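A quick write-up on the structure given underneath.
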Amino acid sequence: MKDASVKIQVGNPSKDRIILGIDPGTNVMGYGIIHVLNGKPKYLCMGVLKLSKYGDHYLRLRKIFERTRGLIDEFLP
Numbered sequence: 026m027k028d029a030s031v032k033i034q035v036g037n038p039s040k041d042r043i044i045l046g047i048d049p050g051t052n053v054m055g056y057g058i059i060h061v062l063n064g065k066p067k068y069l070c071m072g073v074l075k076l077s078k079y080g081d082h083y084l085r086l087r088k089i090f091e092r093t094r095g096l097i098d099e100f101l102p
């Protein structure tokens with residue numbers, strides 16, 4: 026019987042990377058940013074946007090966009 030495990034490698038593991046992860050939501054949006062160098066992750070920042078205080082869904086989407094854009098501009102993931 027053959028081994029069923031699969032190894033997946035995305036990109037070069039020794040490459041210097043900054044990764045932005047987003048837990049989407051229109052009431053609460055979470056995010057985290059890590060820096061990976063030589064396969065070792067290092068915490069940079071994390072946080073949440075509490076959006077339920079904004080009644081207008083368009084305003085919530087704007088706040089999500091603004092925070093995400095700010096994270097991208099600051100950390101360049």
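Numbering-wise (my numbering), the sequence shown opens with residue 26 and increments by one.
C-beta: ideal position from N, C-alpha, C; glycine also.
Note that this is a predicted model, so its numbers are computed, not measured.
* Between the beta-carbon of Ile59 and the beta-carbon of Leu76, is there less than 9 Å? -> Start at 1 with the first residue of the sequence shown, and residue 59 comes out as number 34. Start at 1 with the first residue of the sequence shown, and residue 76 comes out as number 51. It is not a contact, given that the beta carbons lie outside the stated cut-off.
* To do: Rounded to whole angstroms, what's the CA-CA distance from Asn52 to Lys78? Just pull it up for me.
  => The residue you call residue 52 lines up with position 27 of the sequence shown. The residue you call residue 78 lines up with position 53 of the sequence shown. Rounded to whole angstroms, Asn52 to Lys78 spans 8 Å at the Cα level.
* How many angstroms separate the CA atom of Leu69 from the CA atom of Gly57? -> Within the sequence shown, the letter at position 44 stands for residue 69. Within the sequence shown, the letter at position 32 stands for residue 57. Computed Cα separation, rounded: 8 Å.
* Regarding His60 and the ligand ATP, is the C-beta to nearest heavy atom distance less than 8 Å? -> The ligand content of the structure shown is nil, which means the ligand ATP is not present either.
* Which of helix, strand or coil DSSP assigns to Lys88 -> In the sequence shown, counting from the first residue as 1, residue 88 sits at position 63. Helix, per DSSP.
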